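Chains as they are written, first to last, in our numbering: chain H, 1 to 242; chain D, 1001 to 1381.
Ideal Cβ positions, reconstructed from N, Cα and C, are used throughout, including at glycine.
As the structure is a prediction and not an experimental result, all values here were calculated from the model.
Here the structure is laid out as structure tokens; the discussion comes afterwards.
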Amino acid sequence: MTDAPVIVDADDLYAGYLPGIDILNGCSMRVQEGELIGIIGPNGAGKSTFLKALFGLVPIRSGSVTLGDEDITNMRADELVKRGIGFVPQTNNVFPSLTVLENLEMGTYQRPKAFKAQWERIGELFPKLVDRRDQRAGSLSGGERQMVAMARALMMDPKVLLLDEPSAGLSPDRQDETFVRTREINRTGVTVIMVEQNARRCLQICDRGYVLDQGTTAYTASGQELLKDPKVIELYLGTLGA
Amino acid sequence: MTKRIDRRVMLRALIVLVIAVAAFIALGASGSPAIASTTDTVVAHSAALSNEAPSALTQDTTTVHATADTESSGVGDNRYVQQFINGIVFGLLLALASVGLSLIYGTTGLSNFAHGEQVSLGALLTFFFASKQEVSLPFLPVEFSIGWPLLPSALAAIAISAGTGWLQDRYLWSPLRRRRVSIVQQMIVSIGLSLAMLNFIQWWFGAERKRLTTSIDTRLDLGLFSIGQTTIWSVLIALVCLGGVGYFLLKTRTGRATRAVSDNPALASASGIRVEKVVRLVWIMATGLAAVGGILLALYDNAAAFDVGARLLLLMFAAVTLGGLGQAFGALVGSLVIGVAVEMSTLWIGTDLKYAVALAILILVLLVRPQGILGRAERVG
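Listed below in structure tokens is the structure:
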């Protein structure tokens, strides 16, 4: 941990989709400004639920989330976007009937005047999207959709970007490209919290990693430390190429 | 690319339309004695709709005593073309109601069974404001006469109908969504609401058919077909309304947000769109459009009864499904297909079966193209 201020503080979260059934059971996380955080863990550990709870898509029954000094627990997603949080879901992350350009326009829905400048900025980061601006997003490949989804989230110039398994379903090449892009985005000053199934690749690029198990935070350390942790290797990374 | 894809679909639809028109004209030119015995098909739609007109007739000039008759004098030279034109007109008017139904389905997932009553409400509220006979408000013993001209009456009816859309979403549908009531449960609520509204409208306006205007429509003979002046105005108004909806959805930021909500409400919210606000706007638009549809159908049909919308509901659902579920433009295309099929079918089969023809076409199209005419199959992976 550095001495950068804490930007997201999730404290002892209990949350779930159905009444009385908690997926998160006391999950906590402190994220500093400019960090790239990777969240790994087995299936059903509550990784995606944690991200959705931060973004107000899953009701938090107990615990709190703060953004800077502001309590944002259970705040509506559109309010969170206004406060500088962007979210890229794992699936269904584009508007299929809208063109690429229209998808990105939705990213600046709250600040329409910023669209032109943001489009130029995003065009430099994702040049391929400029060529496909008039193509319907539903006709894009998985990798291209992921690009559109990330670009849409970046259109609002977020302080914090939440990525839910950005490499899921992509070819190895595309996965690499996605991780490189994620790091590039982080280097522009955006704090990134990323849930990933590809634990090894995730830990390689992240500043710190959190290991979730059964809805609670099992371990946290720097990405490099977790890569060398025997228990993490045994449970989540396997032994090859450790 | 998208524009190219859209153009391709539109071009395909246009080609089918042109071929159909050419075929009908050719058929008509060759003559067909088989249809000579057909009863007045120009008013087939009117006649069928008025079959259920109750026998309790009053002396009121704005209450219809029998089958619509003002259009029966004008039959074009070519019955095929005449019926085709009638079908296009009916389809356009049906589209006004169907587009709203489709927008509601697209943005909320709800198949709103109470949408038909919004159509009836629009027509009968216009009667309420325009009628020179004494009318009353529900639960009030006072009778009075308003007698406004048709246009302000229609505008007032549309405004009130749109207001009912706001009310419904504010106090019924929005709380149900917030409480995460399943879509099937919401649909059952809409069936209940439909019955409640149907009975309420009947109790308020009575069972007899009401005419919105007492003036006799003059027909223009255009050679192959004839058309009433009121119908021309109705078509123009429908085209302006549908064009307005199209412009709103394609060219305005809120319209694009509406399409975004229709695609994926959760993602729309994650993009900063106030989904509830968009849905409320859709309810207002949908109920307003249904009212316009109801008024114009009542003018086209010479009168409206309390259950006019209920009888059209299945056709609206057919149009929405045929065009592609949740696709506003699909609802327009679906309505036109249904309208033409319904009207043309009366050339060969009894008017009692014409709605069955529409539903048969729905089944056939879905067997060939499950996503509907304008529905798009999404790429996977």
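Since residue i is in the alpha helix (DSSP H), which residue starts that stretch and which ends it?
{"i": "D:Gln1229", "result": "1229-1251"}
{"i": "H:Tyr210", "result": "Not the alpha helix (DSSP H): H:Tyr210 falls in the beta strand (DSSP E), residues 208-213."}
{"i": "D:Leu1137", "result": "Neither: D:Leu1137 is in no alpha helix (DSSP H) and is coded neither H nor E."}
{"i": "D:Val1181", "result": "From DSSP, D:Val1181 is part of no alpha helix (DSSP H); its letter is neither H nor E."}
{"i": "D:Tyr1171", "result": "Here D:Tyr1171 belongs to no alpha helix (DSSP H), and DSSP marks it neither H nor E."}
{"i": "H:Pro19", "result": "Looking at the DSSP string, H:Pro19 is not in any alpha helix (DSSP H), and its letter there is neither H nor E."}
{"i": "D:Phe1090", "result": "1079-1108"}
{"i": "D:Ile1216", "result": "From DSSP, D:Ile1216 is part of no alpha helix (DSSP H); its letter is neither H nor E."}
{"i": "D:Phe1317", "result": "1308-1323"}
{"i": "H:Gln118", "result": "115-125"}
{"i": "H:Ile185", "result": "172-187"}
{"i": "D:Pro971", "result": "The requested residue 971 of chain D is not part of the displayed model; chain D covers only 1001 to 1381."}
{"i": "D:Phe1129", "result": "1115-1130"}
{"i": "H:Gly142", "result": "142-154"}
{"i": "H:Gln204", "result": "199-205"}
{"i": "D:Leu1267", "result": "1265-1270"}
Mind checking which residues open and close the beta strand (DSSP E) that includes residue i?
{"i": "H:Asp164", "result": "160-164"}
{"i": "H:Tyr219", "result": "216-222"}
{"i": "H:Met194", "result": "191-195"}
{"i": "D:Leu1220", "result": "1219-1221"}
{"i": "H:Tyr109", "result": "Here H:Tyr109 belongs to no beta strand (DSSP E), and DSSP marks it neither H nor E."}
{"i": "D:Val945", "result": "Residue coverage of chain D in this structure runs from 1001 to 1381, which leaves residue 945 of chain D outside it and unanswerable."}
{"i": "D:Ile1284", "result": "Here D:Ile1284 belongs to no beta strand (DSSP E); instead the alpha helix (DSSP H) covers 1275-1300."}
{"i": "H:Ala15", "result": "6-15"}
Measure the CB-CB distance between residue i and residue j and report whether it falls below 8 Å.
{"i": "H:Gly201", "j": "H:Gln224", "result": "It is Arg, not Gly, that sits at residue 201 of chain H in the sequence shown. Not in contact: H:Arg201 and H:Gln224 (Cβ atoms no closer than 8 Å)."}
{"i": "D:Val1337", "j": "D:Leu1322", "result": "yes"}
{"i": "H:Ile37", "j": "H:Tyr210", "result": "yes"}
{"i": "D:Thr1258", "j": "D:Leu1249", "result": "yes"}
{"i": "D:Ala1270", "j": "D:Arg1209", "result": "no"}
{"i": "H:Ser28", "j": "H:Ala4", "result": "no"}
{"i": "H:Leu212", "j": "H:Lys52", "result": "no"}
{"i": "D:Leu1094", "j": "D:Leu1366", "result": "no"}
{"i": "D:Phe1205", "j": "D:Leu1124", "result": "yes"}
{"i": "D:Thr1214", "j": "D:Tyr1300", "result": "no"}
{"i": "H:Tyr14", "j": "H:Arg76", "result": "no"}
{"i": "D:Leu1289", "j": "D:Leu1096", "result": "yes"}
{"i": "D:Arg1253", "j": "H:Pro112", "result": "yes"}
{"i": "D:Ile1273", "j": "D:Gly1324", "result": "no"}
{"i": "H:Val195", "j": "H:Ile39", "result": "yes"}
{"i": "H:Thr216", "j": "H:Asn25", "result": "yes"}
{"i": "H:Leu98", "j": "D:Arg1256", "result": "yes"}
{"i": "D:Val1320", "j": "D:Gly1334", "result": "yes"}
{"i": "D:Trp1148", "j": "D:Phe1129", "result": "yes"}
{"i": "D:Gly1294", "j": "D:Leu1103", "result": "no"}
{"i": "D:Leu1239", "j": "D:Leu1092", "result": "yes"}
{"i": "D:Val1261", "j": "D:Thr1107", "result": "yes"}
{"i": "D:Ala1331", "j": "D:Val1099", "result": "yes"}
{"i": "D:Ile1201", "j": "D:Phe1306", "result": "yes"}
{"i": "D:Arg1280", "j": "D:Trp1203", "result": "no"}
{"i": "H:Glu35", "j": "H:Asp157", "result": "no"}
Is residue i near the ligand FAD - that is, is its Cβ less than 7 Å away from at least one heavy atom of it?
{"i": "H:Glu70", "result": "No copy of the ligand FAD appears in this structure; indeed no ligand is present at all."}
Review point. Is the region 101-121 of chain H touching the region 1279-1295 of chain D, taking contact as three or more C-beta pairs under 8 Å?
Key: With a cut-off of 8 Å, the region 1279-1295 of chain D and the region 101-121 of chain H do not count as touching, because too few Cβ pairs lie within range.
Check your understanding: What residues in the region 84-112 of chain H have a beta carbon less than 9 Å from any beta carbon of chain D?
Key -> Going along the region 84-112 of chain H in chain order, one finds Gly86, Phe87, Val88, Pro89, Asn92, Asn93, Val94, Phe95, Pro96, Ser97, Leu98, Thr99, Val100, Glu102, Asn103, Glu105, Met106, Gly107, Thr108, Tyr109, Gln110, Arg111, Pro112 with a Cβ nearer than 9 Å to chain D.
Check your understanding: For the region 27-60 of chain H, which residues have a CB atom closer than 8 Å to at least one CB atom of chain D, in sequence order?
Key -> Going along the region 27-60 of chain H in chain order, one finds Phe55, Leu57 with a Cβ nearer than 8 Å to chain D.
Review point. What residues in the region 156-174 of chain H bring their beta carbon closer than 7 Å to a beta carbon of chain D?
Key: Result list: Met156, Gly169.
Practice item. For the region 61-74 of chain H and the region 111-125 of chain H, state whether three or more C-beta atom pairs, one from each stretch, are separated by less than 8 Å. Key: Taking 8 Å as the limit for Cβ pairs, the verdict is that the region 111-125 of chain H does not touch the region 61-74 of chain H.
Exercise for review: Would you be able to state if there are at least three C-beta pairs under 8 Å between the region 1342-1349 of chain D and the region 1077-1089 of chain D?
Suggested key: A contact exists between the region 1077-1089 of chain D and the region 1342-1349 of chain D.
Point to revise | Whole alpha helix (DSSP H) elements within the region 23-101 of chain H, 4-residue minimum | key: Every alpha helix (DSSP H) stretch that sits fully inside the region 23-101 of chain H and reaches 4 residues is listed by chain position as 47-54, 77-82.
Review point. Which residues, in order along the region 1250-1275 of chain D, keep a beta-carbon less than 8 Å from a beta-carbon of chain H?
Key: Residues of the region 1250-1275 of chain D with a C-beta atom less than 8 Å from some C-beta of chain H are Arg1253, Arg1256, Ala1257, Arg1259, Ala1260, Ser1262, Asp1263, Asn1264, Ala1266, Leu1267, Ala1268, Ser1269, Ala1270, Ser1271, Gly1272, Ile1273, Arg1274, Val1275, listed in chain order.
Review point. Is the region 1233-1245 of chain D close to the region 1205-1225 of chain D, with three or more CB pairs under 8 Å?
Key: Not touching, per the Cβ criterion.
Point to revise | Positions along the region 69-82 of chain H whose CB lies within less than 8 Å of some CB in chain D | key: Under the 8 Å Cβ criterion, the region 69-82 of chain H contributes Arg76, Ala77, Asp78, Val81, Lys82.
Practice item. Pair every Cβ in the region 1106-1123 of chain D with every Cβ in the region 1177-1190 of chain D, then say whether three or more of these pairs are closer than 8 Å. Key: Cβ pair count under 8 Å is three or more, so yes.
Exercise for review: Would you mind listing the beta strand (DSSP E) stretches within the region 1332-1363 of chain D that are 3+ residues and don't spill past its ends, in chain order?
Suggested key: Given a length threshold of 3 residues, the region 1332-1363 of chain D has no whole run of the beta strand (DSSP E) inside it.
Review point. Counting pairs of beta carbons, one from the region 83-98 of chain H and one from the region 160-169 of chain H, are three or more of them closer than 8 Å?
Key: Yes, the region 83-98 of chain H touches the region 160-169 of chain H.
Review point. Per the contact definition of three or more C-beta pairs closer than 8 Å, is the region 168-188 of chain H in contact with the region 75-88 of chain H?
Key: Counting C-beta pairs closer than 8 Å gives fewer than three between the region 75-88 of chain H and the region 168-188 of chain H, which falls short of the contact rule.
**Study point:** Members of the region 204-216 of chain H that neighbour chain D once the beta carbon cut-off is set at 8 Å
**Key:** Cβ contacts with chain D come from no residue of the region 204-216 of chain H.
**Study point:** Cβ pair count under 8 Å reaching 3, the region 142-153 of chain H against the region 126-134 of chain H
**Key:** Short answer: they touch.
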